[in-house]
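Chains as they are written, first to last, in our numbering: chain F, 277 to 579; chain V, 12 to 404. C-beta: ideal position from N, C-alpha, C; glycine also. Here is the structure we will look at.
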Amino acid sequence: MDLTLLLIQALNGVQYGLLLFLIASGLTIVFGIMGVINLAHGSFYMIGAYLAYSLTAWTGHIFWAVLLGAPLAALLGLVVERLFIVHLYHRDHLQQVLLTFGLILIFNEVQSIIWGDDPHSVAKPEFLEFSIPLTDVQSYPAYNLFLGVVCLALAGVMYWVVQKTRLGMRIRAGSSNPEMIQALGINTKVLFATVFSIGVTMAALAGLLAAPERSVYPGIGEQVLIISFVVVVIGGIGSIKGAFVGALMIGLFDSLGSTILRSMDHIELVSGLSVDNLTSVTIYALMAAILLWRPAGLYGRAQ
Amino acid sequence: MGAAAGAGAIAGFAPTKFAIAQPAKVRVGLLLPYSGTFARIGEAITNAMVMRFAQAKDMMGGREIELVKLDSEAAPPKATENTSKLVNSEKVDVLVGPVHSGVAMAMAKIAREEGVITVIPNAGADQITGPLCAPNIFRASFSNWQPGYPMGRVLAEEGKKRVALCYWNYGAGQQSAQGFKDGYADGLKETGGDGEIVKEIGVPFPDVEFQSVLSEIAALKPDAVYTFFAGGGAVKFVKDWAAAGLKDSGIELTGAGFLTEGVTEAQGEAAEGLRTTLHYADTLDNEVNKIFRRNYKEMWGKEADVYGVQGYDTAELIRIGLEAVDGDVGAKDDMIAAMAGATIDSPRGPLSLSPAHNPVQNFYLRKVVNGVNTVERIAVEALADPAKGCRMG
């Protein structure tokens, strides 16, 4: 194992982490502010990816697909919130899990009916259709770098909205004390609908942007769901900053961790686990350790 | 075969409840995924079976065929309940399914206990025709070990000295990798060459985070890589491989045929030139295949694939069984004997069954040219699974 490989793996980890952040940021604000466990969050990521597929085919360019897809997703978020989520605010978590799990099944079936079950690819923009040589063997796809930069920019926008705007102030207030902001006369109905819509849009944006790199096929939503929850829990529920740090930690742990583990001789014999299983274990061990140290997550407020 | 059918007719046909005007229908229970990721496969298998039955005017061995479909959801936890439903409530005479190996394990267990004649149209778990084998269980597809073995031989024969493995680390991936390793070892032995497996990289199923895996392979610089991925994972792996510049690096990407099966359109340019081994290729140049593909296209409006072929042969096995006993499904032993001894002129080439009831079939070395898996040559002829641990009876 040489330094170059470690550096490349760090790059891979950061890029994966940034995408995870985009997905998890929507989840964490919905979870933190509205207190709703939204299992269907992965479905909105999936819908984003399929929108990328259809809209790119229609408009001929992924950028148009993103521009059209994001408002569509926001609208979908509003509709879902008004129809379903609104009934969950004063119910316990089990009922939230039941309803949002039902939504997963419905969205998957709708996907199957509209788009079928074949995998599809989405064309990258032409000017990003090249790779940058890293070593004499490997090069790095330009689109992946672009994706990382866009995720970083969106993280910046999120930070600005949450820290510097009135909406952000309300979101933060709602996250720390929902009863109080209601008492202060803020219309939580509008606030919650807005927040949920933003959450859905973030997930769909992640799907839209990632589609050219990751392809589109049934089940992609569920793939990112669990790891997004891990990110949210590590970072602290409701904290955008926490989601950012948590996502980067998971990304780096995943790519660097497996490389380091794989370079250790006999690790599989000693542990009785294969390296990929060990890597998954270390990610959950990381989560457990952080929760032991800070039960509310890195940036969560203790209840 | 004619003699067997005649003997079966005399010895086995006991005209019981359907003796008078209309014999009861033979109920064929299908436990296949009709929703979720594998829905496509369930549909292809069903389509081809329906087509084969329709060609026989839905009559086999003098009795009408009736299909009872149940969505397996490819969910192993539901497999026991679903199988029982078909066997005990629906009282099917023949059981067909599943696609998913996890479902197959639960299903095989019940099939063994109940003794219902079962034909597996896809699931490749080695155990089914290994330790879990039973006289009444047949497989019309492949064992996971099978598509790996020929690729190992090909690479060994071509003198690839440093080979890395990369696969989804679950049952199917591990068994496929074992097949490759056995084939590679046999190939080296035969050619007297030397070579080694330099690394095995598992990826948790069904993850598609391949960037760090690719970086690792690039650092290793093996001569070739053998992979086991399918569906969306196969699309992403092949595209990531090309995007990481590995296609022009001198490292050859190979795999079990699923890597390029039914996904080349989504993979596009990235799949061009990839070599894989499988028991079928769309372009197989034999009359049965051409007719099969033409009929399938006419009936269903789309191209047939390997899953359709497996479904077609499943129906063919059932036909052979039913005709041998003139539709008397009670004559189980005769039916089983006829099916076990079947030789089928399949779209995939000649097909017979091993003593463990797993297909003995040709494996083809295929290469993607213009998005089509074209046949290079037969990689291994009439390959049988080692069927480790199978004791019949």
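Next on the checklist: At the level of alpha carbons, what is the spacing between T294(V) and A65(V)?
Outcome noted: 25 Å
Item to check | Residues bridged to H230(F) (per DSSP) | outcome: Because chain F here runs from 277 to 579, residue 230(F) falls outside it and cannot be looked at.
Checklist entry - From what residue to what residue does the beta strand (DSSP E) around A393(V) run? => result 383-394
Item to check | Segments of 4+ residues assigned as alpha helix (DSSP H) that fall wholly inside the stretch 334-391 of chain V | outcome: The stretch 334-391 of chain V contains these whole alpha helix (DSSP H) runs: 343-351.
Next on the checklist: Please list the terminal residues of the continuous alpha helix (DSSP H) segment that includes R448(F).
Outcome noted: 442-452
Checklist entry - Thinking just about the alpha-carbon of each residue, which of E314(V), W179(V), T91(V), N155(V) is nearest to the one in V214(V)? => result When E314(V), W179(V), T91(V), N155(V) are compared, the shortest CA-CA separation from V214(V) is found for W179(V).
Item to check | chain F residues whose Cβ lies nearer than 9 Å to that of K80(V) | outcome: The premise fails here: K80(V) is roughly 16 Å from chain F at the closest Cβ pair, so nothing lies under 9 Å.
Next on the checklist: Using a 10 Å radius around the Cβ and a threshold of 16 neighbouring Cβ atoms, would you call D278(F) buried or exposed?
Outcome noted: Classification of D278(F): exposed, given that the 10 Å Cβ count is below 16.
Item to check | 7 Å CB neighbourhood of L364(F) in its chain, flanking five on each side removed | outcome: Within the same chain, L364(F) has close Cβ partners V312, Q371, Q372, L375.
Next on the checklist: Against chain F, does G159(V) count as a neighbour if the rule is that its beta carbon must be under 8 Å from one of theirs?
Outcome noted: no
Checklist entry - Is the Cβ-Cβ distance between D552(F) and Y292(F) less than 8 Å? => result no
Checklist entry - For a contact meaning CB atoms closer than 7 Å, what does T332(F) contact in chain V? => result Ordered by position in chain V, no residue passes the 7 Å Cβ test against T332(F), which lies about 13 Å from the chain.
Checklist entry - By the 10 Å Cβ neighbour count, where 16 or more other Cβ atoms means buried, how is L568(F) classified, buried or exposed? => result exposed
Checklist entry - Contact check, G345(F) vs L484(F) under 8 Å by CB: the rounded distance? => result 5 Å
Checklist entry - Assuming I107(V) contacts L41(V) under a Cβ cut-off of 8 Å, what Cβ separation, rounded to an integer in Å, is found between them? => result This sequence places Val at residue 107(V); Ile is not what is there. With a Cβ gap of about 5 Å, V107(V) and L41(V) count as contacting.
Checklist entry - Quick one: does K232(V) have its CB under 8 Å from some CB of chain F? => result yes
Checklist entry - Within this structure, are the beta carbons of A325(F) and A523(F) separated by less than 8 Å? => result no
Item to check | Close beta carbons around F24(V), own chain, < 6 Å, minus the five adjacent residues each side | outcome: Only weak support is given to the placement of F24(V): the predicted model assigns it a pLDDT of 48, under 50, and the value that follows is read from those uncertain coordinates. D337, D339, listed in sequence order.
Item to check | Contacts that S504(F) makes with chain V (C-beta to C-beta distance below 7 Å) | outcome: Within chain V, no residue comes near S504(F); the closest Cβ sits about 14 Å away, beyond 7 Å.
Checklist entry - Roughly how many angstroms lie between the CA atoms of S407(F) and I284(F), to the nearest whole one? => result 14 Å
Checklist entry - Touch check for the stretch 386-396 of chain F and the stretch 491-501 of chain F: three-plus C-beta pairs under 8 Å? => result As far as the Cβ criterion goes, the stretch 386-396 of chain F touches the stretch 491-501 of chain F, which means the pair count is three or higher.
Item to check | beta strand (DSSP E) runs wholly inside the stretch 164-242 of chain V, at least 3 long, in chain order | outcome: List check, beta strand (DSSP E) in window: 173-179, 207-214, 235-239.
Next on the checklist: By the DSSP assignment, the beta strand (DSSP E) with G266(V) in it spans what residues?
Outcome noted: 263-267
Item to check | N- and C-terminal bounds of the beta strand (DSSP E) containing I131(V) | outcome: Where I131(V) is concerned, the enclosing beta strand (DSSP E) stretches over 128-131.
Item to check | Closer than 8 Å to chain F by CB, P366(V) | outcome: With 8 Å as the cut-off, P366(V) does not count as an interface residue toward chain F.
Checklist entry - Does DSSP put I21(V) in a helix, a strand or coil? => result With a pLDDT of only 42 at I21(V), under 50, the local geometry of the prediction cannot be trusted, and the value read off the model is given with reservation. It is helical.
Checklist entry - By the criterion of Cβ-Cβ separation under 8 Å, what are the contact partners of L551(F) in chain V? => result With the sequence shown as reference, residue 551(F) is identified as Val, and Leu is not the correct amino acid for it. The contacting residues are I212, G213.
Checklist entry - How about T48(V): is its C-beta nearer than 8 Å to some C-beta of chain F? => result yes
Item to check | Integer Cβ distance of T280(F) from T470(F), believed to fall under 8 Å | outcome: Going by Cβ atoms, the distance from T280(F) to T470(F) rounds to 46 Å, so no, they are not a contact pair.
Next on the checklist: In whole angstroms, give me the CA-to-CA distance for C144(V) and I228(V).
Outcome noted: Within the model, the alpha-carbon separation for C144(V) versus I228(V) is close to 38 Å.
Item to check | Buried or exposed by the 16-neighbour rule on C-beta atoms within 10 Å, applied to L460(F) | outcome: exposed
Next on the checklist: Counting C-beta neighbours from all protein chains within 10 Å, is the total for D251(V) 16 or more, i.e. buried, or is it exposed?
Outcome noted: buried
Item to check | Residue range of the unbroken beta strand (DSSP E) whose run includes V39(V) | outcome: 37-43
Checklist entry - What are the uninterrupted segments assigned as beta strand (DSSP E) that are 3 or more residues long and contained completely in the stretch 339-417 of chain F, given in chain order? => result Within the stretch 339-417 of chain F, the complete beta strand (DSSP E) segments of 3 residues or longer fall at 407-409, 415-417, listed in chain order.
Item to check | Reduced DSSP category for E283(V) - H, G, I as helix; E, B as strand; rest coil | outcome: Of the three classes helix, strand and coil, the one that applies to E283(V) here is coil, per DSSP.
Checklist entry - Does the stretch 98-114 of chain V touch the stretch 358-365 of chain V, meaning 3 or more C-beta pairs lie closer than 8 Å? => result These segments do not touch.
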